[in-house]
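Participant: With positions in the sequence shown counted from 1, the corresponding number in my numbering is that position plus 47. All C-beta atoms, glycine included, are put in the ideal place defined by N, C-alpha and C. The structure displayed is predicted, hence computed values, not measured ones. Questions regarding the structure given below will be posed in turn.
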Amino acid sequence: MRGWYQIASHLHMTVQEAQAKITSSEFAEWIVYLELEINAFNTQNYYLAQIAAEVRRGHVEHPEKVKVEDLLMKFKFEGDKQKVLDPETRAAQSKSFWKAAVGYTKPKD
């Protein structure tokens with residue numbers, strides 16, 4: 048259902064209007080477009096990934112192996128459904144991703 052809301056938002060119409068005007072084949076094309084769009088990186092994404100890469104390079108044995116592209120998060124849009132997670136779960140996943148990406152380990156007491 049989320050796909051319909053995103054399409055309607057892009058087209059500046061209600062979900063009901065979008066469902067009435069869009070064919071199933073056009074809907075499938077929209078889903079492909081939305082998946083491409085969600086993974087389109089802008090300059091801010093690269094800037095933040097570069098910062099994370101520099102932090103990571105300061106904590107690894109082979110800093111030349113750390114690539115900015117490896118730190119860009121990719122998302123998956125599945126058909127007309129995208130699993131919507133509660134904010135706490137999304138925050139935990141994000142923290143886990145970035146801790147692993149920069150090589151964070153819990154300090155020993």
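Take L95 and list the residues in its own chain whose beta-carbon comes closer than 8 Å to its own, dropping the five residues that flank it on each side.
Facilitator: none
Participant: Which value, in whole angstroms, describes the spacing of the CA atoms of D127 and M120?
Facilitator: A caution first: D127 carries a pLDDT of 45, below 50, which makes its placement in the model too unreliable to give a value.
Participant: Please state whether the Cβ-Cβ distance between L81 and Q53 is less than 8 Å.
Facilitator: Result yes, Cβ atoms of L81 and Q53 sit closer than 8 Å.
Participant: Label I78 either buried or exposed according to how many other C-beta atoms from any shown protein chain fall within 10 Å of its C-beta, with 16 as the threshold for buried.
Facilitator: buried
Participant: On the DSSP letters alone, give me the boundaries of the alpha helix (DSSP H) that T90 sits inside.
Facilitator: 90-104
Participant: Contact between the region 145-154 and the region 100-115: three or more CB pairs below 8 Å?
Facilitator: yes
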